[in-house]
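Residue numbers (my numbering), protein chains in the order written: chain A, 303 to 483; chain B, 28 to 499. All C-beta atoms, glycine included, are put in the ideal place defined by N, C-alpha and C. All remarks here apply to the structure that follows.
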Amino acid sequence: MKALSKIVGLAAVFAALTSCHNKQEPNYQYFPNMYESVAYEPYVESAAFSNGKEGQLPAKGSVPRGFTPYEYANTPADYERAKAELKSPLDSTQVDLKKGEELFTIYCAICHGDKGDGKGNLAKREKFAGVPNYKDRVITEGSIFHVETYGLNMMGSHANQLSQEERWQVAHYVMKLKSEL
Amino acid sequence: MSSHYEAPIRKPLIIGDKSYHDVTVDVARPVEGRANKQWWIAFTIALAAFLWGVGCVAYTVGTGIGTWGSNKTIGWAWDITNFVWWVGIGHAGTLISAVLLLFRQKWRMAINRSAEAMTIFSVIQAAMFPVFHMGRPWLAYWVMPIPNQFGSLWVNFNSPLLWDVFAISTYLSVSLVFWWTGLLPDFAMLRDRAITPFTKRVYSILSFGWSGRAKDWQRFEEVSLVLAGLATPLVLSVHTIVSFDFATSVIPGWHTTILPPYFVAGAIFSGFAMVNTLLIIMRKVSNLEAYITVQHIELMNIVIMITGSIVGVAYITELFIAWYSGVEYEQYAFINRATGPYWWSYWLMMTCNVISPQVMWFKKIRTSIMVSFIISIVVNVGMWFERFVIIVTSLHRDYLPSSWTMFQPTFVDAGFYIGTIGFFFVLFLLYSRSFPVIAQAEVKSIMKTSSEKYKKLHESHDNHSHSEHNHH
């Protein structure tokens, strides 16, 4: 009986010692030797930079390897120019409509609808109005790419979500949807 | 008495006209008396050395292993040298209490208690080196195969360093149990003699309620024999495993199949030397000269001589095999030991370990307490250098000449070592004032066969009966 009470007492002490983890805060750590990064990891805050952010903007005019600068400006005139003359760099073997469909479903269908008829989920729930049907608009692959890159009216730029190649795949898929409407 | 026969050639193991009560009184005296000034001086020095060692260890753990003299080539130096040295010293205790028990050596009874204490205290010292030579000693528990949250990540059982963990921890726990079991009747004796309520209480707890009934004694003897039977293979395997740290490597000078028995022989050699060092002092300061006799010291010197010769044979075997192997790395390793930058440590080792025990062939020398004391210290210096030579000279010159280098210990290396010596003596000095340093129950069991008093009695009785016989 005496031994039992000792065991219970020990268990209680142990429980008290181990139960002080606050769920609102990170837990206690035992010798966090290589837990915190010595190197700068992406997105961390750092006093080493003037704006406190690890992600610093590249120098203006620099071109990374594998990237082609987009030569059209974000203006109505260049929109028209792109619509008229900009052509997809992808030949028929590189166009991947399946990939275009996947990307469209992820990034576009929420407003434009799976069929491109302007009846996406947000439009149906009347979160906002004015999403056009592709059928009603004059669009070319060049204008689609331009709008994806810069956005137009309500729509924002998707250049940070989709690479150039992906935007062309989506443009090809949008043209296919338009032809089916 | 007529049923008893012991060869008259055997010299008495208990000198003087001792009765059972005299044994009790003699063993209890250091425990029941007060410490004298010399004890306090010795204790203070040991404690200071210990605390200095604690400081050095704290500095090492707090700052890093780079405070030591080890480098990229010589990753093991004083740390493992001292580890192997302390483990080796510990082996004599088990040898004396277990192996000599199996061989029915009655002379072990006066020395086994202190030898076992020495084992336990030196294994404690040894065990500190594997922990504190780690870069991250706070993760030392990872060497244990404990189920865990890393997908139950386990240890690799192929490393002799892991076997070391099991060997040393098993060795320490078995030795401790063996020692404590033997202490029960002696603690009971102190309990029954206690005058103050405090000592009464302390020795009541320590003696586990030993009452010395026939059944208790019968089981006590069986347990001792079983533990001796278990401790004997253990003691051989522990130092074998320690030697595997080197023998299983690919380093020329380390990769040798002779290392296991050679290390064990060296362990017995240095361990017995340490027992001799301690007991020569103890018999004097604790007035136990009647029990730890010159014969005991002579017998230990003989063990030292035999194991020293085994070690000598091992040295020669290593040299022969190096030459015979035709492996230039192996040959160079031994040329480097004898003539390289650490030649002095090699020749110091050779002198201390091979030549010094050979003087024991002379009876005059091996029965001289003064010489035995000096030789016992010389042997331990030599055995320290043996481990140093094996470890450092093999590492500092091996396959790639571009990684040849030297080793220079720092004060932290030395401080840790001094600290363990201090800690050992702190424990041993405390032990010698609170524990019965002679297994009085065992000594009493040989009283009627091996004490001077009873031997004389037998002799006169025998002569008497002879003359009676003649008269008829």
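| Asked | Found |
| --- | --- |
| Alpha-carbon spacing of P39 of chain B relative to A55 of chain B, whole angstroms | 22 Å |
| Neighbour-count burial assignment, K400 of chain A, 16 or more Cβ in a 10 Å radius | exposed |
| Cβ-Cβ distance between F77 of chain B and G446 of chain B below 8 Å | yes |
| Boundaries of the alpha helix (DSSP H) in which G335 of chain B is found, first to last residue | V321 to S352 |
| Host alpha helix (DSSP H) of Q152 of chain B (start-end) | N139 to F159 |
| T284 of chain B classed as buried or exposed, judged by whether at least 16 other C-beta atoms fall within 10 angstroms | exposed |
| V52 of chain B versus B:P463, B:H488, B:I473 and B:S487, residue with shortest Cα-Cα distance | B:P463 |
| Collapsed DSSP secondary structure at A308 of chain B in the structure displayed | Here the sequence assigns Ile to residue 308 of chain B, which means Ala is not the residue at that position. Three-state DSSP puts I308 of chain B in a helix. |
| Reduced DSSP category for E482 of chain A - H, G, I as helix; E, B as strand; rest coil | helix |
| C-alpha distance - A153 of chain B paired with A349 of chain A, whole-angstrom precision | 48 Å |
| L464 of chain A versus A:E404, A:N324 and A:P366, residue with shortest Cα-Cα distance | A:E404 |
| C-alpha gap between F205 of chain B and M433 of chain B, whole angstroms | 43 Å |
| For S46 of chain B, the three-state DSSP class (helix, strand or coil) | coil |
| Reference S390 of chain A; option with closest CA among A:N376, A:K355, A:Y372 and A:F406 | A:Y372 |
| Residue of B:S46, B:C83, B:P384 and B:H31 minimising C-alpha distance to K480 of chain B | B:S46 |
| Three-state secondary structure assigned by DSSP to M457 of chain A | strand |
| Alpha-carbon spacing of D380 of chain A relative to E467 of chain A, whole angstroms | 20 Å |
| Short Cβ contact (8 Å threshold) for V262 of chain B with H118 of chain B | yes |
| Whether M376 of chain B touches V406 of chain B by CB criterion (8 Å) | no |
| For I41 of chain B: DSSP bridge partner residues | B:S478 |
| For K362 of chain A, three-class secondary structure by DSSP | coil |
| Close Cβ partners of I116 of chain B (< 6 Å) along its chain, the five nearest in sequence each way excluded | S149, S297, G298 and M301 |
| T437 of chain B vs W95 of chain B beta-carbon contact at 8 Å | yes |
| Residues that E347 of chain A bridges to, as DSSP identifies them | A:K355 |
| Exposure of A318 of chain A, with buried meaning 16 or more beta-carbon neighbours within 10 Å | exposed |
| Contact between the region 266-273 of chain B and the region 189-209 of chain B (3+ Cβ pairs under 8 Å) | yes |
| Which of helix, strand or coil DSSP assigns to I285 of chain B | coil |
| C-beta atoms of L305 of chain B and S124 of chain B nearer than 8 Å | no |
| Inter-residue CB distance, V470 of chain B and M136 of chain B (contact presumed, cutoff 8 Å) | 5 Å |
| F406 of chain A - containing alpha helix (DSSP H), residue span | L399 to Y409 |
| Close Cβ partners of G409 of chain B (< 6 Å) along its chain, the five nearest in sequence each way excluded | M376, C379 and N380 |
| Among B:I448, B:E413 and B:T366, the one whose alpha carbon lies nearest that of R424 of chain B | B:T366 |
| Backbone secondary structure at R315 of chain B - three-state DSSP | The displayed chain sequence assigns Leu, not Arg, to residue 315 of chain B. In this structure, L315 of chain B counts as coil in the three-state DSSP scheme. |
| C-alpha distance - G353 of chain B paired with I362 of chain B, whole-angstrom precision | 13 Å |
| Neighbourhood of R364 of chain B by C-beta, 7 Å cutoff - its chain only, sequence neighbours within 5 removed | Y373, V416 and T420 |
| Spatial distance of H485 of chain B from R131 of chain B (CA atoms) | 22 Å |
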